[in-house]
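Colleague: Sharing a structure with you now.
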Amino acid sequence: MTETINFTKEWDKTFTLSDQVNHEKVTFTNHFGMTLVADLYKPKGVTGNLAALAVSGPFGAVKEQSSGLYAQEMAKRGF
Numbered sequence: 001m002t003e004t005i006n007f008t009k010e011w012d013k014t015f016t017l018s019d020q021v022n023h024e025k026v027t028f029t030n031h032f033g034m035t036l037v038a039d040l041y042k043p044k045g046v047t048g049n050l051a052a053l054a055v056s057g058p059f060g061a062v063k064e065q066s067s068g069l070y071a072q073e074m075a076k077r078g079f
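Per UniProt numbering, residue 1 is the first one in the sequence shown, and the count goes up by one each step.
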């Protein structure tokens, strides 16, 4: 079964996008075969391989306000 996922490529967070990072929506398939959508933050002006962090939101928080802020800050620091 092929799954169609519709998501916005527009900035959809409650916080301001930093001018020091690039942001994009990405999809990937987990080991259960489920397609997941994620936000990818990368530092601007950096090429080549970078260290990566996978960040998931806590159960009791709004995902855009906690994990997104953390991910953006880590991208500003070169991750």
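Note that beta-carbon positions come from the ideal geometry of N, C-alpha and C, so glycine has one too.
If you're wondering where the values come from, they're calculated on a predicted model, not measured in any experiment.
Under 8 Å, with one C-beta from each stretch per pair, do the region 2-18 and the region 28-41 reach the 3-pair mark?
Modeller: yes
Colleague: Starting from the Cα of Gln72, find the closest Cα among Thr35, Glu10, Asn22 and give me that residue.
Modeller: Asn22
Colleague: Nearest-angstrom Cα distance between Asn49 and Lys25?
Modeller: 19 Å
Colleague: Can you give me the Cβ contacts of Ala52 inside the same chain, cut-off strictly under 8 Å, excluding the 5 residues immediately before and after it?
Modeller: Phe79
Colleague: Measure the alpha-carbon distance for Asn6 versus Phe28 and round it to whole angstroms.
Modeller: 14 Å
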